[in-house]
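Engineer: Once you've had a glance at the structure underneath, I'll fire off some questions.
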Amino acid sequence: MRVLATLTSGTKLRYHIASLSNSTYCSLFHVFSLGVFVVSVNHYTVCVLHPYLGNTSFLSSFAPVCVTPRFIPRYAYSKPVILKGFSDNTKFQFLCSKSSLLQQYGERMVRLSTANTYSYRKVDVRFEEFVDLLLRPQSMDTLGSDTLYFFGDNNFTEWHSLFENYKAPRYMLPHTTGAYSFGIAGPGTGVPFHWHGPGYSEVIYGRKRLFLYPPDKAPHFHPNYTTLSWVKDTYPYLLEEKPIECTIRPGEVLYFPDRWWHATLNLDTSVFISTFLG
1 MRVLATLTSG TKLRYHIASL SNSTYCSLFH VFSLGVFVVS VNHYTVCVLH
51 PYLGNTSFLS SFAPVCVTPR FIPRYAYSKP VILKGFSDNT KFQFLCSKSS
101 LLQQYGERMV RLSTANTYSY RKVDVRFEEF VDLLLRPQSM DTLGSDTLYF
151 FGDNNFTEWH SLFENYKAPR YMLPHTTGAY SFGIAGPGTG VPFHWHGPGY
201 SEVIYGRKRL FLYPPDKAPH FHPNYTTLSW VKDTYPYLLE EKPIECTIRP
251 GEVLYFPDRW WHATLNLDTS VFISTFLG
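Quick note on numbering: full-length UniProt numbering labels position 3 of the sequence shown as 3, and the sequence is numbered without any gaps.
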């Protein structure tokens with residue numbers, strides 16, 4: 001079992017251990033293919049992949065006041081960590097509801113990218129068209145290089161009124177500033193393994209599962225295949241080199257250090273934002 005710490009607003013040290021068997025992942029794809037577990041959350045239609053796929057491997061808790069001196073030496077340059085309860089984004093979450101975003105940005109153009117490791121293709125569509133026609137579960141038969149994904153490439157002038165209400169994680173690396181990337185995606189979608197500089201990933205609606213490897217342990221994957229296909233075809237056969245894993249939900253923020261490999265898998269229809277430090 002790989003370990004991922006979580007810094008929360010509590011003062012008590014807690015530990016939770018969870019594992020996901022191969023049969024659980026098989027159930028995930030069976031449920032996904034049938035299209036069941038469809039619910040409505042804050043006016044988003046959510047196709048939940050699996051009710052049991054969503055536990056963090058290992059949680060530990062520290063009071064926020066204790067984090068600053070511990071964050072830099074323990075995590076900033078060495079390992080990922082989840083921050084819990086350090087900021088209240090209730091207002092931002094309200095503004096990110098489906099009805100609110102469509103009212104404010106429905107006629108605006110958004111830029112979509114392909115959901116593969118090296119994304120070059122870009123497509124511009126109206127936001128309303130993306131939500132109504134393209135915000136769908138990931139097809140098992142579609143490559144990541146043929147899947148359009150809304151994340152980043154945001155027009156910061158047009159989206160400023162939304163982003164100014166986001167309370168970003170307040171723990172910054174020395175000599176860095178943050179840049180936002182905002183996105184919305186359907187269940188089963190995600191980005192296969194890639195790496196970049198340090199930053200934070202936060203979910204506003206839904207759940208996002210992440211698979212992480214340190215810089216010196218490059219994972220085995222195909223850059224044009226989806227994370228969903230990797231979970232189905234590769235993950236069950238990993239023996240020793242299993243990734244560090246976690247699932248983040250609203251109110252939880254994952255910090256990832258520089259050059260850490262990571263792949264994402266949205267378990268529900270998800271709204272999310274990342275803060276890249278550079």
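Every residue, glycine too, gets a C-beta built ideally from N, C-alpha and C.
Are the CB atoms of Pro215 and Trp260 within a distance shorter than 8 Å?
Structural biologist: Cβ distance < 8 Å, so Trp260 and Pro215 count as in contact.
Engineer: Which of the three DSSP states, helix, strand or coil, is assigned to Val65?
Structural biologist: Any answer about Val65 is weak, because its pLDDT of 47 lies below 50 and its placement is not dependable; what the coordinates show is given next. Of the three classes helix, strand and coil, the one that applies to Val65 here is helix, per DSSP.
Engineer: Quick one: give me the first and last residue of the beta strand (DSSP E) that Val203 is part of.
Structural biologist: Counting along the chain, the beta strand (DSSP E) containing Val203 begins and ends at 199–205.
Engineer: Grouping DSSP H, G and I as helix and E and B as strand, with all else coil, what is Val191?
Structural biologist: Residue state, collapsed to three classes: coil.
Engineer: Name the residue from Leu210, Ser145, Ser181 whose alpha carbon lies nearest to the alpha carbon of His160.
Structural biologist: Nearest C-alpha to His160: Ser181.
Engineer: Can you look up Arg126 in the DSSP assignment and give me helix, strand or coil?
Structural biologist: In the structure shown, Arg126 sits in a strand (DSSP, three-state: E or B).
Engineer: Please state the DSSP three-state secondary structure of Gly186.
Structural biologist: Three-state result, Gly186: coil.
Engineer: CB-CB under 6 Å to Ile248, same chain, minus the five flanking residues each way: which ones, in chain order?
Structural biologist: Closer than 6 Å at the Cβ level, and outside the excluded window around Ile248, lie Val203, Lys208, Leu254.
Engineer: Which parts of the stretch 80–158 are runs of the alpha helix (DSSP H), unbroken and 4 residues or longer, counting only runs that do not cross its ends?
Structural biologist: Qualifying alpha helix (DSSP H) stretches, in chain order: 90–95, 98–105.
Engineer: DSSP beta-bridge partners for Trp261?
Structural biologist: According to DSSP, which records beta bridges pairwise, Trp261 is partnered with Tyr213.
Engineer: What residue from Ala76, Asp153, Thr234, Ala168 has the CA that sits closest to Tyr120's CA?
Structural biologist: Residue Asp153 is the option with its Cα nearest to Tyr120.
Engineer: Find the nearest neighbour of Asn89 within the set Lys232, Phe163, His262, judged by alpha-carbon distance.
Structural biologist: Among Lys232, Phe163, His262, the Cα nearest to that of Asn89 is on Phe163.
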